[in-house]
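Just so it is clear: in the sequence shown, position 68 is 68 by our numbering, and no numbers are missing.
Every residue, glycine too, gets a C-beta built ideally from N, C-alpha and C.
As the structure is a prediction and not an experimental result, all values here were calculated from the model.
Notes follow once the structure below has been shown.
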Amino acid sequence: MSISVSNSPLPASSAAANVSSNSAVVQKAPQTTEASTDTVHLSQSQQVHQLHAEGQRVSQIASGLSLTVAAVNSYLGIATQK
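This is how it looks when you write it as structure tokens:
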């Protein structure tokens, strides 16, 4: 049994030849050296909401983002007693 992997479809006769042969043919996709551009930058408010949704406490969020607890509460719409 052999395996044939390709990025482009093979003609039927070529595919049949690869299946019947005893060697595997593997073609690798070309590698790029450019950095990925799939980065998303969140605002502080969005970061606060994301971390809160993940279950972090207000004090943990404030500490991790170098914010005051009052600022985090404000982003989350949590009223504090005066």
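Which word fits residue i, buried or exposed, when buried means at least 16 other C-beta atoms lie within 10 angstroms of its C-beta?
| i | result |
| --- | --- |
| V58 | buried |
| I61 | buried |
| L76 | exposed |
| V72 | buried |
| L51 | buried |
Excluding five sequence neighbours on each side, which residues of the same chain lie with their C-beta closer than 7 Å to the C-beta of residue i?
| i | result |
| --- | --- |
| Q47 | L65 |
| T37 | none |
Which residue comes first and which comes last in the alpha helix (DSSP H) that contains residue i?
| i | result |
| --- | --- |
| H52 | 44-53 |
| Q60 | 58-64 |
| L76 | 69-76 |
Which residues in the same chain have their Cβ closer than 8 Å to the Cβ of residue i, if we skip the five residues on either side of it in sequence?
| i | result |
| --- | --- |
| H49 | Y75, L76 |
| T68 | A62 |
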